[in-house]
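Engineer: One structure, pasted below without further comment.
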Amino acid sequence: MVNHHALAFGDDAIASILPGIARHAAPHDSRSVDDHLGLFYALLLIGSGRYRRGERLIGGQAVRSHAVVHLLEVARRLLASEQPSVRDGLDVWRRVELEFPEFAVELDAALACPVPDAAQRLSDLGLRWFGDASRVPA
2 MVNHHALAFG DDAIASILPG IARHAAPHDS RSVDDHLGLF YALLLIGSGR
52 YRRGERLIGG QAVRSHAVVH LLEVARRLLA SEQPSVRDGL DVWRRVELEF
102 PEFAVELDAA LACPVPDAAQ RLSDLGLRWF GDASRVPA
């Protein structure tokens, strides 16, 4: 894993450059929790609409992937991690089950549903875990 400076294979020459690569690769996200929540709900609506119009692939992608990235950013900021040392600095999808096991079970169940149901369950999950609809932009 480059972001934790551990080398799964290779030699010392490669290992010596990993810290520098990781420093330059680490993403910086200046969006607020409310921005991420707004994008989460907007992408659920956009994706559901596309799916219902017959754009099933991109609609599903918006609901199951693009929206969930924002939900995972909110989880990282608001939920207490059960294993903070395992956090991946480059990919919010990695190790969610280890950091937030109860949340991950619900998320996985929602993602296993057909797209319209997944969108509804994800919306419900967001409201249940992260607050009422007053935080959602109108």
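Taking our numbering, I'd label the letters of the sequence shown as residues 2 to 139.
Virtual Cβ for every residue (Gly too), placed ideally from N, Cα, C.
Bear in mind that the values here come from a model prediction, so they are computed numbers and not experimental data.
Which whole-angstrom value describes the C-beta separation of V75 and V34, a residue pair presumed to lie in contact below a C-beta threshold of 8 Å?
Structural biologist: For the purposes of this step, residue 75 is taken as the residue at position 74 of the sequence shown. For the purposes of this step, residue 34 is taken as the residue at position 33 of the sequence shown. That pair is a contact at about 6 Å.
Engineer: Below 8 Å on the Cβ atoms is my guess for G48 versus A68; work out the distance and round it to an integer in Å.
Structural biologist: Here residue 48 corresponds to residue number 47 of the sequence shown, with the count starting at 1. Here residue 68 corresponds to residue number 67 of the sequence shown, with the count starting at 1. G48 to A68, Cβ: 6 Å. Contact.
Engineer: Within the same chain, show all residues whose beta-carbon is closer than 6 Å to that of V97, passing over the 5 residues directly before and after it, in chain order.
Structural biologist: To locate residue 97, count along the sequence shown from 1; it is residue 96. Excluding sequence neighbours, V97 sits near A105.
Engineer: Buried or exposed: which applies to E100, given that a residue is buried once 16 or more other Cβ atoms fall within 10 Å of its Cβ?
Structural biologist: What you label residue 100 is simply residue 99 of the sequence shown in a count that begins at 1. Looking at its Cβ environment, which holds 16 or more other Cβ atoms inside 10 Å, E100 is buried.
Engineer: Consult DSSP for D118 and reduce its assignment to one of helix, strand or coil.
Structural biologist: Here residue 118 is taken as the residue at index 117 of the sequence shown, counted from 1. Correct three-state label for D118: helix.
Engineer: Is V116 closer than 8 Å to G60 when the C-beta atoms are compared?
Structural biologist: One-based indexing of the sequence shown puts residue 60 at position 59. One-based indexing of the sequence shown puts residue 116 at position 115. It is a contact, given that the beta carbons lie within the stated cut-off.
Engineer: Using a Cβ-Cβ cutoff of less than 8 Å, which residues in the same chain neighbour P85 once the five nearest sequence positions on both sides are dropped?
Structural biologist: Taking the sequence shown and counting its residues from 1, one reaches residue 85 at position 84. These residues qualify, in order along the chain: E100.
Engineer: Can you tell me which of V87, D30, V70 puts its alpha carbon nearest to the alpha carbon of L44?
Structural biologist: For the purposes of this step, residue 44 is taken as the residue at position 43 of the sequence shown. Measuring from the Cα of L44, the nearest candidate turns out to be V70.
Engineer: For S66, is the classification buried or exposed, using 16 other Cβ atoms within 10 angstroms of its Cβ as the cut-off for buried?
Structural biologist: As a position in the sequence shown, residue 66 is number 65, starting the count at 1. By the 10 Å Cβ count, S66 comes out exposed.
Engineer: To the nearest angstrom, how far is the alpha carbon of R57 from that of A111?
Structural biologist: Working through the sequence shown from its first residue, we reach residue 57 at position 56. Working through the sequence shown from its first residue, we reach residue 111 at position 110. The alpha-carbon atoms of R57 and A111 are separated by roughly 17 Å.
Engineer: Tell me the rounded alpha-carbon separation between A81 and G90.
Structural biologist: By one-based count along the sequence shown, residue 81 stands at place 80. By one-based count along the sequence shown, residue 90 stands at place 89. Answer to the nearest angstrom: the Cα atoms are 16 Å apart.
Engineer: I'd like to check one pair, L126 with L108: are the Cβ atoms closer than 8 Å?
Structural biologist: Here residue 108 corresponds to residue number 107 of the sequence shown, with the count starting at 1. Here residue 126 corresponds to residue number 125 of the sequence shown, with the count starting at 1. The answer is yes: Cβ separation under 8 Å.
Engineer: Give me the residue from R78, A16, A63, L72 with the minimum Cα distance to G38.
Structural biologist: On the sequence shown, residue 38 is found 37 positions in, with the first residue counted as 1. The amino acid occupying residue 38 in the given sequence is Leu; Gly does not appear at that position. Answer by Cα proximity: L72.
Engineer: Taking the straight line between their C-alpha atoms, what separation do you get for P102 and R95?
Structural biologist: Position 101 of the sequence shown, counting from 1, holds the residue named residue 102. Position 94 of the sequence shown, counting from 1, holds the residue named residue 95. Near 12 Å, if we compare the C-alpha coordinates of R95 and P102.
Engineer: Under a three-way DSSP split, which group does W94 fall into?
Structural biologist: For the purposes of this step, residue 94 is taken as the residue at position 93 of the sequence shown. Coil, per DSSP.
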